[in-house]
Amino acid sequence: MSIATTFFNTTVGEYPPKADRIPGNGAVWVGIFAEMTEFALMFMVYFLARVHYQEIFAEGPLRLNTMAGMLNTLAMLTSSYFVARAMNAIRADQLVQCGRFLWGAVGCGVVYLIIKYWEYRWNIEQGIEVETNLFFGVYYYMTFNHFLHVGWGSGAIIWGIWRLKTGAYSAKDHEGLEAIASYWHMIDLTWIVMFPLLYVFR
Amino acid sequence: MFAKPSVHQVWVMLMVITIGSALLAESGETNVLITLLIALSVMLKGRLVVERLMELRNANPYIRFAMNFYFYMVPALIVMVYLIPDQLAQLTTL
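In order, the protein sequences belong to chains A and B. Counting from 1, position 181 in the first sequence corresponds to residue 181 in the working numbering; the numbering is continuous, with no gaps. Counting from 1, position 44 in the second sequence corresponds to residue 44 in the working numbering; the numbering is continuous, with no gaps.
And the structure:
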């Protein structure tokens with residue numbers, strides 16, 4: 001089956017039939033809420049710093065590479081789309097397609113990491129470092145934290161692919177894969193907040 | 001609006017909103033309207049991912065509420081720090 005067939009013919013837009021369910025399992029949601037709280041604290045630091053150092057935070061985004069930020073956002077959102085497609089595929093017992101979509105998500109994660117690495121190098125060339133001012137201190141703290149999450153989140157998806165290949169998941173039983181999917185979406189969601197705060201909002 | 005679009009359509013919407021945000025950033029403009037657009041884009045993108053890609057639309061209501069609440073609070077804070085930064089600075093000065 002070709003990749004084009006995988007992309008266009010897989011069952012899409014289907015929700016699991018059971019309402020009021022916990023996607024994945026309870027344990028992963030403890031982790032997700034812990035992570036969301038950690039990022040919420042970072043966002044609070046950003047907002048507090050912003051109102052106290054308004055000029056620095058108004059100028060900061062102008063010096064960052066908006067294109068890199070935008071491409072990273074597109075990569076993260078596309079990875080989430082691939083993960084959603086993979087979940088639809090596993091529910092239809094389309095294991096090959098599920099694996100391909102998961103590799104697509106990993107590919108987007110790798111693209112994100114490469115762009116972010118390039119962006120950090122570009123920043124240094126422009127004289128933008130952690131100690132340049134408070135805005136860039138917050139920027140590096142938040143984005144490097146997110147960078148690490150994308151790294152180990154990609155690792156988790158690769159683990160899911162390995163489990164898929166060894167027959168651990170099927171249409172009837174894919175709780176572990178759904179837990180990984182939920183965790184990955186959380187990583188995407190935190191970037192959805194970071195992109196406008198750091199690159200757009202002046 | 002979150003019940004109807006397919007996963008493909010959700011992805012296209014997310015791409016368009018992101019590119020729109022980047023264009024706003026490149027414009028270099030700062031005003032109330034742009035701030036409201038930024039806040040709206042965060043809310044829309046967050047809710048689209050939560051409801052459609054994360055599939056919380058028919059999930060446990062507490063989990064769904066908590067995740068969606070995040071994407072009401074952050075946009076509200078964006079608008080607040082733009083509109084009343086000095087008052088917030090005063091409130092948070094020790």
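We put the beta carbon where it would ideally sit given N, CA and C, even for glycine. Computed from a prediction, not measured in an experiment: that's the story for all the values here.
Cβ-Cβ separation, residue j to residue i (assumed contact under 8 angstroms), whole Å
| i | j | result |
| --- | --- | --- |
| residue 79 (chain B) | residue 192 (chain A) | No, residue 79 (chain B) and residue 192 (chain A) are not in contact; Cβ-Cβ is about 17 angstroms, not under 8 angstroms. |
| residue 59 (chain B) | residue 91 (chain A) | The pair is not a contact, with the Cβ atoms about 15 angstroms apart (cut-off 8 angstroms). |
| residue 57 (chain A) | residue 49 (chain A) | 7 angstroms |
| residue 85 (chain B) | residue 39 (chain B) | Contact flag wrong, Cβ pair sits at about 15 angstroms. |
| residue 226 (chain A) | residue 18 (chain B) | The first residue shown for chain A is 1 and the last is 202, placing residue 226 (chain A) beyond what the model contains. |
| residue 156 (chain A) | residue 112 (chain A) | Not quite, the Cβ-Cβ distance comes to about 15 angstroms (not below 8 angstroms), so this is no contact. |
| residue 197 (chain A) | residue 53 (chain A) | Residue 197 (chain A) to residue 53 (chain A), Cβ: 14 angstroms. No contact. |
| residue 76 (chain A) | residue 142 (chain A) | Incorrect: roughly 14 angstroms between the Cβ atoms, too far for contact. |
| residue 23 (chain B) | residue 37 (chain B) | Their Cβ separation, rounded to whole angstroms, is 10 angstroms, which puts residue 23 (chain B) and residue 37 (chain B) out of contact at 8 angstroms. |
| residue 28 (chain A) | residue 179 (chain A) | 4 angstroms |
| residue 92 (chain B) | residue 30 (chain A) | 30 angstroms between Cβ atoms; not a contact. |
Euclidean distance between Cα positions of residue i and residue j
| i | j | result |
| --- | --- | --- |
| residue 35 (chain A) | residue 88 (chain B) | 26 angstroms |
| residue 135 (chain A) | residue 149 (chain A) | 21 angstroms |
| residue 121 (chain A) | residue 129 (chain A) | 10 angstroms |
| residue 25 (chain A) | residue 94 (chain B) | 42 angstroms |
| residue 161 (chain A) | residue 46 (chain B) | 26 angstroms |
| residue 8 (chain A) | residue 61 (chain B) | Per-residue confidence for residue 8 (chain A) stands at a pLDDT of 47, beneath the threshold of 50, marking its modelled position as unreliable; no derived number is given. |
| residue 60 (chain A) | residue 12 (chain B) | 29 angstroms |
| residue 65 (chain B) | residue 19 (chain A) | 15 angstroms |
| residue 139 (chain A) | residue 169 (chain A) | 39 angstroms |
| residue 57 (chain B) | residue 51 (chain B) | 5 angstroms |
| residue 9 (chain B) | residue 31 (chain B) | 30 angstroms |
| residue 124 (chain A) | residue 26 (chain B) | 21 angstroms |
| residue 158 (chain A) | residue 110 (chain A) | 12 angstroms |
| residue 201 (chain A) | residue 82 (chain B) | 9 angstroms |
| residue 137 (chain A) | residue 119 (chain A) | 15 angstroms |
| residue 151 (chain A) | residue 107 (chain A) | 11 angstroms |
| residue 6 (chain B) | residue 53 (chain B) | 10 angstroms |
| residue 41 (chain A) | residue 78 (chain A) | 26 angstroms |
| residue 12 (chain A) | residue 132 (chain A) | Unreliable positioning characterises residue 12 (chain A) in this predicted model, as indicated by a pLDDT of 48, which lies under 50. The coordinate reading is nonetheless provided below. So the two alpha carbons sit approximately 47 angstroms from each other. |
Residues of its chain near residue i, where Cβ-Cβ distance is below 8 angstroms and the 5 sequence neighbours each way are ignored
| i | result |
| --- | --- |
| residue 186 (chain A) | 32, 35, 36 |
| residue 190 (chain A) | 35, 36, 39, 146, 149 |
| residue 164 (chain A) | 90, 95, 98, 99, 102, 177 |
| residue 63 (chain B) | 56 |
Proximity test, residue i beta-carbon vs the ligand SAM heavy atom, cut-off 8 angstroms
| i | result |
| --- | --- |
| residue 68 (chain A) | Annotation note on the ligand SAM: not contained in the displayed structure, which lists no ligands. |
Cutoff 9 angstroms: residue i Cβ touching any chain D Cβ
| i | result |
| --- | --- |
| residue 49 (chain B) | Checking the listed chains, one finds no chain D in this structure; the protein chains it contains are A and B. |
Same chain, Cβ closer than 6 angstroms to residue i, five either side skipped, listed in chain order
| i | result |
| --- | --- |
| residue 199 (chain A) | 61, 64, 66, 69 |
| residue 80 (chain A) | 185, 188 |
| residue 174 (chain A) | 90 |
| residue 181 (chain A) | 83, 87 |
Same chain, Cβ closer than 7 angstroms to residue i, neighbours up to 5 away in sequence not counted
| i | result |
| --- | --- |
| residue 72 (chain B) | 43 |
**OP:** Could you list the residues in the segment 51-66 of chain B with a C-beta less than 8 angstroms from some C-beta on chain A, going in chain order?
**Re:** 52, 53, 54, 55, 56, 57, 58, 59, 60, 61, 63, 66
**OP:** Just list the alpha helix (DSSP H) runs in the segment 12-48 of chain B, keeping only unbroken ones of 4 residues or longer that don't cross its boundaries, in chain order.
**Re:** 32-48
Original post:
Looking at chain A, which residues of the segment 10-32 of chain B have a Cβ within less than 8 angstroms of any of its Cβ atoms?
Top reply: 10, 11, 14, 15, 18, 19, 21, 22, 24, 25, 26, 28, 30
Original post:
Quick one: complete alpha helix (DSSP H) runs, 4+ long, within the segment 56-107 of chain A?
Top reply: 66-91
**OP:** Any chance you could list the alpha helix (DSSP H) runs of at least 4 consecutive residues sitting entirely within the segment 145-200 of chain A, in chain order?
**Re:** 175-195
**OP:** Identify each residue in the segment 43-54 of chain A for which the Cβ-Cβ distance to at least one residue of chain B is less than 8 angstroms, and report them in chain order.
**Re:** 43, 47, 48, 50, 51, 52, 54
Original post:
At a Cβ cut of 9 angstroms, what residues of the segment 181-202 of chain A count as close to chain B, listed as they run along the chain?
Top reply: 181, 182, 185, 186, 188, 189, 192, 193, 195, 196, 197, 199, 200, 201, 202
**OP:** Pull out every residue of the segment 73-93 of chain B whose Cβ sits closer than 7 angstroms to any Cβ of chain A, in chain order.
**Re:** 74, 77, 78, 81, 85, 88, 89, 92
Subject >> Residues of the segment 141-163 of chain A whose Cβ lies closer than 8 angstroms to any Cβ of chain B, in chain order >> reply: none
Original post:
Given a limit of 8 angstroms on CB to CB distance, which residues of the segment 73-99 of chain A reach chain B?
Top reply: 73, 74, 77, 78, 80, 81, 83, 84, 85, 87, 88
Subject >> Residues within the segment 58-74 of chain A neighbouring chain B, beta-carbon criterion of under 8 angstroms >> reply: 58, 61, 62, 66, 67, 69, 70, 73, 74
**OP:** Residues of the segment 105-136 of chain A with a CB closer than 9 angstroms to any CB of chain B: list them in chain order, please.
**Re:** none
**OP:** Identify each residue in the segment 20-43 of chain A for which the Cβ-Cβ distance to at least one residue of chain B is less than 8 angstroms, and report them in chain order.
**Re:** 20, 21, 22, 23, 29, 33, 36, 40, 43
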